[in-house]
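Q: If you're matching them up, the sequences are chains A and B in order. Residue numbering for the first sequence follows our numbering, beginning at 1 and increasing consecutively. Residue numbering for the second sequence follows our numbering, beginning at 1001 and increasing consecutively. Just so it is clear, CB atoms sit at the ideal spot from N, CA and C, and this is done for glycine as well. Would you mind keeping the following structure in view while I ask a few things?
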Amino acid sequence: MAEKFDAIVVGAGPSGNAAAYTLAKSGLKVLQLERGEYPGSKNVQGAILYSDALERIIPDFREDAPLERHIIEQRMWVLDDESFVGTHYRSDEFNKPPYNRYTIIRAQFDKWFSQKAQEAGALLLCETTVSDLIMDGDRVVGVQTDRLGGSVHADIVILADGVNSVLARKAGFRPELNPGDVALAVKEIHFMPEETIQSRFNISGESGVVIEMVGKITKGMMGTGFLYTNKESLTIGVGCMLSDFKKQKVSPNQLLEEMKNHPSIKPLIEGGEMKEYAAHLIPEGGYKAIPQIYGEGWMIVGDSGMFVNAVHREGSNLAMTTGRIAAETIIELAEKQKPFSARNLAAYREKLDASFVMKDLKKYRNMPGIFHRNPQFFTTYPELVNQAAHTMIKVDGIDKKTKEREIRNSFTHRRSLFGLMGDAFKMWRAFE
Amino acid sequence: MHIVVCIKQVPDSAQIRVHPVTNTIMRQGVPAIVNPYDLFSLEEALRLKDIHGGRVTVITMGPPQAEAALRKCISFGADEAILVTDRAFAGADTLATSYALATAIAQIAKDQAVDMVFCGKQTIDGDTAQVGPGIAKRMDMQLLTYVSQVDSLDITSRTVQVQRRAEGGVQVLTTRLPCLVTMLEGTNEMRFATMDNMFRAARYQLKVWDRVAAGIEDVSKIGLKGSPTVVSKVFAPQAKTQRAEIIDSESGEPRDLALTLISKLFTQHPAMSEAVVKQSA
Ligand SMILES: Cc1cc2nc3c(=O)[nH]c(=O)nc-3n(C[C@H](O)[C@H](O)[C@H](O)COP(=O)(O)OP(=O)(O)OC[C@H]3O[C@@H](n4cnc5c(N)ncnc54)[C@H](O)[C@@H]3O)c2cc1C
Ligand SMILES: Cc1cc2nc3c(=O)[nH]c(=O)nc-3n(C[C@H](O)[C@H](O)[C@H](O)COP(=O)(O)OP(=O)(O)OC[C@H]3O[C@@H](n4cnc5c(N)ncnc54)[C@H](O)[C@@H]3O)c2cc1C
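Written out as structure tokens, the structure reads:
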């Protein structure tokens, strides 16, 4: 009596929606299951949307997708307790359509994307949690949901169930999450009138600004802070490695509270009214943490497969790209009437290896380890850089040459010359 | 048995916010839900169907988006869903709403006679509790309001017994069919939809009725034209400025403090003092 589909997609975030949309558009019979009340009801992101990944799925998405602001200016701040040193990059190129990056609000965006998948023919059931995979030997043949009469069969099951992926862990496709491989991020949305945002950030119309922050705001933990402009609100948040939170015994919301009180940040958010508070994990283990992502009758896409580029804060685009490429692999096999065996699905991994997804993740494969072992990148350096700027800029009757020597001494005093050279080498290795 | 359940899609009041600048209600982005009271009446109707068989039809008058609310009801186990929607209904007050719904229910009855109609006690956005009684009056049905439970239903004698919450206790009332029941909240628990009903709801073809399909001929009785109620002003009440009083006595002893408090209370409320004196006598 159980229904049978060509494909079942678990989850209606960016990866699941990309997969369901692509599969349904090709005419396959797709069932999508989402545990939230509606798609996006439980999802958390900064959120910056990278146009390219979505354009490859829905080329004319700009016509009706709920987009907040297109980003024309990127600020990078290195913060000390009292100050920040920063670079701002603003370009009118970014102010010409088609825009490259947008801020979005995930609850609205996921709803829209899911609507597209449904229009393409995917059947979506919400408030339905997949509790188990149905196995026939080592083959996945369907899913068991938490509802009465809840088993459904399919030729392929795509796990797009996010960073926690209870299913992949239960089935043994993925090991337990390692606290050193995931960041815990908290964020708030503050309501603010459009005109206030425009004047405070020096923008007009629907253009926007992004601020990425590192430094003492994370109290020596490996992590970053961010502040994004939406149409009528600001998003502010901070995230650090889960293992660091455990070690330092700082609570994430305490960290965010202190960050909001930083003298350089406070005036930007002042007068806003808090609308929303959310916390979520981000898989940041990078290349080395990626598990087996396909097998007999199953595939893993998005956060569930640890596809996040933490250095560039890219996640949703990798989610959409892995979802799309997984779907394309299935479509090709279906056209040739080949079974969805592990051997045939290996094409999915090969395609990812050849794409920016794996190339980028591979490039930064040593990054997490290096930052883990060297907390000075998040404490000593931000302090030193800020002190140096302060010394150079303050006019106090001391000659510039003496000031330069003072700065040099402050660096070698805090971190030996040998250590400095070592750090430079580590950074070079991490980014090479 | 044919039961009609009236449901209304309402904004989730728990998530409504007031615009901090303009002070207006921000409905945009607020999720729409089935009026919570209506889920208790739907569940009660489904329980009757479980026991006696028959059919449950849900109906709503509202904008096209109300489709989601109806689909939800199908997933819980309702058999049919009808969306009554027409620009001509815009601006309806409770008089016009109950007229339109009564007419539409009469239209449903042409297909299969309606034995019972269920409404919620009230909605969480309009709060008038007038629509149910309005329908009953127009359809000449027995009316049972503030019902907490349907005790029994006898199909052969066509009688129903319910518990009605009233001031000072619970009334057990019996009446004959057809009747209209308005349900209180918190009286039962909505079932968890089965997988089969989830599939049925996702694929269900709603019946969409415009004014004509709903059998409404007299346009002067619907929408703004049929609505004599005028909302002349909406305002937020001033917070009461009742200040707390700190009571002190010379000694600061608990006994003295209590005596001071009691004498203050008795001075302000002489009736209370008399009652206490009478009681102790
Ligand atoms: C604070 C923060 C800021 C971020 N900022 C950015 C950014 O600016 N730009 C960017 O590109 N990325 C960003 N990311 C990363 C990005 O959010 C994720 O990479 C992306 O959401 C992954 O999409 P996904 O579809 O794989 O998973 P998710 O979006 O997590 O979706 C998984 C879905 O599966 C559902 N689900 C889970 N288990 C089950 C089950 N058993 N049954 C049914 N349904 C289930 C969930 O309810 C959910 O809807 C950020 C993340 C965080 C936490
Ligand atoms: C001048 C005026 C103009 C108005 N204009 C509008 C307007 O343009 N748009 C608008 O949405 N509201 C409008 N309203 C509000 C509208 O009158 C009420 O929402 C509606 O009449 C129902 O009243 P209520 O919500 O108090 O329901 P109650 O009487 O409290 O509801 C009791 C029960 O009746 C049933 N019920 C109520 N409404 C419906 C329905 N529509 N469909 C099915 N069952 C129902 C439900 O079972 C509900 O639990 C207006 C009100 C006034 C006074």
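Check the Cβ-Cβ distances between residue 129 (chain A) and every residue of chain B, and say whether any is below 8 Å.
A: Not an interface residue.
Q: Can you have a look at residue 1 (chain A) and say buried or exposed, based on whether 16 or more other CB atoms are within 10 angstroms of its CB?
A: Per-residue confidence for residue 1 (chain A) stands at a pLDDT of 49, beneath the threshold of 50, marking its modelled position as unreliable; the derived number appears in the next sentence. With fewer than 16 other Cβ atoms within 10 Å, it is exposed.
Q: Going by the beta-carbon positions, is the gap between residue 227 (chain A) and residue 236 (chain A) smaller than 8 Å?
A: It is a contact, given that the beta carbons lie within the stated cut-off.
Q: Over the uninterrupted alpha helix (DSSP H) stretch that includes residue 101 (chain A), give me the two end residues.
A: Premise fails: residue 101 (chain A) lies in the beta strand (DSSP E), 101 to 103, not in any alpha helix (DSSP H).
Q: Suppose the cutoff is 6 Å on Cβ atoms and the five residues either side in sequence are ignored; what does the same chain contact list for residue 1010 (chain B) look like?
A: If we look at residue 1010 (chain B) and ignore the five residues flanking it on each side, its Cβ neighbours are 1035, 1123, 1124, 1125.
Q: Between residue 213 (chain A) and residue 1071 (chain B), what straight-line distance do the alpha-carbon atoms span, to the nearest angstrom?
A: About 46 Å.
Q: Output the residue ranges of the beta strand (DSSP E) runs that lie fully inside the segment 1177 to 1261 of chain B and measure 3 residues or longer, sorted by chain position.
A: Here the runs fully enclosed are 1179 to 1183, 1207 to 1209.
Q: For ligand 2, any of its heavy atoms closer than 7 Å to the Cβ of residue 1097 (chain B)?
A: Yes, since a heavy atom of ligand 2 falls inside the 7 Å radius drawn around the Cβ of residue 1097 (chain B).
Q: For residue 1117 (chain B), list the residues DSSP reports as bridge partners.
A: According to DSSP, which records beta bridges pairwise, residue 1117 (chain B) is partnered with B:1004, B:1180.
Q: Assign residue 1259 (chain B) to buried or exposed, taking buried as 16 or more other Cβ atoms, counted over all protein chains shown, within 10 Å of its Cβ.
A: Exposed, since its Cβ has fewer than 16 Cβ neighbours within 10 Å.
Q: Taking the alpha carbon of residue 1217 (chain B) as the reference point, which residue from B:1099, B:1113, B:1002, B:1014 has its own alpha carbon closest?
A: Of the candidates B:1099, B:1113, B:1002, B:1014, the one whose C-alpha sits nearest the C-alpha of residue 1217 (chain B) is B:1099.
Q: Kindly indicate if chain B contains any beta-carbon less than 8 Å away from that of residue 268 (chain A).
A: No, its Cβ sits nowhere closer than 8 Å to a Cβ of chain B.
Q: Judging by CA-CA distance, which residue of B:1109, B:1244, B:1014 is the nearest neighbour of residue 1057 (chain B)?
A: The shortest Cα separation from residue 1057 (chain B) among B:1109, B:1244, B:1014 belongs to B:1109.
Q: Report the residue ranges of all beta strand (DSSP E) runs contained in full by the segment 247 to 293 of chain A; include only those spanning at least 3 residues, in chain order.
A: Listed in chain order, they are 273 to 283.
Q: Nearest by alpha-carbon distance to residue 67 (chain A): which of A:263, A:50, A:86 is it?
A: Nearest option by C-alpha distance: A:50.
Q: Less than 8 Å between the beta carbons of residue 187 (chain A) and residue 44 (chain A), yes or no?
A: Cβ atoms of residue 187 (chain A) and residue 44 (chain A): closer than 8 Å.
Q: Taking a Cβ distance cut-off of 9 Å, strictly less, list which residues of the segment 147 to 162 of chain A are near chain B, in chain order.
A: Flagged, chain order: 147, 148, 149, 150, 151, 152.
Q: List, in chain order, every chain B residue whose beta-carbon is nearer than 7 Å to that of residue 235 (chain A).
A: In chain order: nothing, as chain B lies at least about 15 Å away.
Q: Between residue 1194 (chain B) and residue 1174 (chain B), how many whole angstroms is the CB-CB distance? I'm expecting something under 8 Å.
A: Residue 1194 (chain B) to residue 1174 (chain B), Cβ: 34 Å. No contact.
Q: For residue 1272 (chain B), count neighbouring C-beta atoms within 10 Å of its own C-beta (all shown protein chains included) and say buried if the count is 16 or more, exposed if not.
A: Classification for residue 1272 (chain B): exposed.
Q: Kindly say whether residue 1236 (chain B), judged by its beta-carbon, lies nearer than 8 Å to any beta-carbon of chain A.
A: Not one chain A Cβ lies under 8 Å of residue 1236 (chain B).
Q: Does the beta carbon of residue 1190 (chain B) come closer than 8 Å to any beta carbon on chain A?
A: Judged by the 8 Å Cβ criterion, residue 1190 (chain B) is not in contact with chain A.
Q: Quick check on the DSSP output: the alpha helix (DSSP H) that includes residue 200 (chain A) runs from which residue to which?
A: Run containing residue 200 (chain A): 194 to 201, per the alpha helix (DSSP H) assignment.
Q: Counting pairs of Cβ atoms below 8 Å between the segment 384 to 399 of chain A and the segment 1074 to 1081 of chain B, do you hit three or more?
A: Short answer: they don't touch.
Q: Measure the alpha-carbon distance for residue 158 (chain A) versus residue 11 (chain A) and round it to whole angstroms.
A: Computed Cα separation, rounded: 9 Å.
Q: Threshold first: 3 residues or longer. Then list the beta strand (DSSP E) segments lying entirely within the segment 17 to 53 of chain A, N to C.
A: Correct list: 30 to 33, 48 to 50.
Q: Should residue 14 (chain A) be listed as close to ligand 1, given that the test is whether its C-beta is under 7 Å from any heavy atom?
A: It does: the Cβ of residue 14 (chain A) is within 7 Å (strictly closer) of some heavy atom of ligand 1.
Q: Grab me the residues of residue 179 (chain A)'s own chain with a C-beta within less than 8 Å of its C-beta, minus the 5 sequence neighbours each way, in chain order.
A: So the qualifying residues of the chain are 241, 242, 243, 246.
Q: Could you work out which residue in A:205, A:75, A:286, A:171 is closest to residue 130 (chain A) when comparing CA atoms only?
A: The shortest Cα separation from residue 130 (chain A) among A:205, A:75, A:286, A:171 belongs to A:171.
Q: Which of helix, strand or coil does DSSP assign to residue 1031 (chain B)?
A: In the structure shown, residue 1031 (chain B) sits in coil (DSSP, three-state: anything other than H, G, I, E or B).
Q: Could you tell me if the beta carbon of residue 1137 (chain B) falls within a distance shorter than 7 Å of some heavy atom in ligand 2?
A: No, Cβ of residue 1137 (chain B) sits at least 7 Å from all heavy atoms of ligand 2.
Q: Which of the three DSSP states, helix, strand or coil, is assigned to residue 394 (chain A)?
A: Residue 394 (chain A): coil per DSSP, three-state reduction.
Q: Quick check on residue 1192 (chain B): buried or exposed, where buried means 16 or more other Cβ atoms within 10 Å of its Cβ?
A: So residue 1192 (chain B) counts as exposed.
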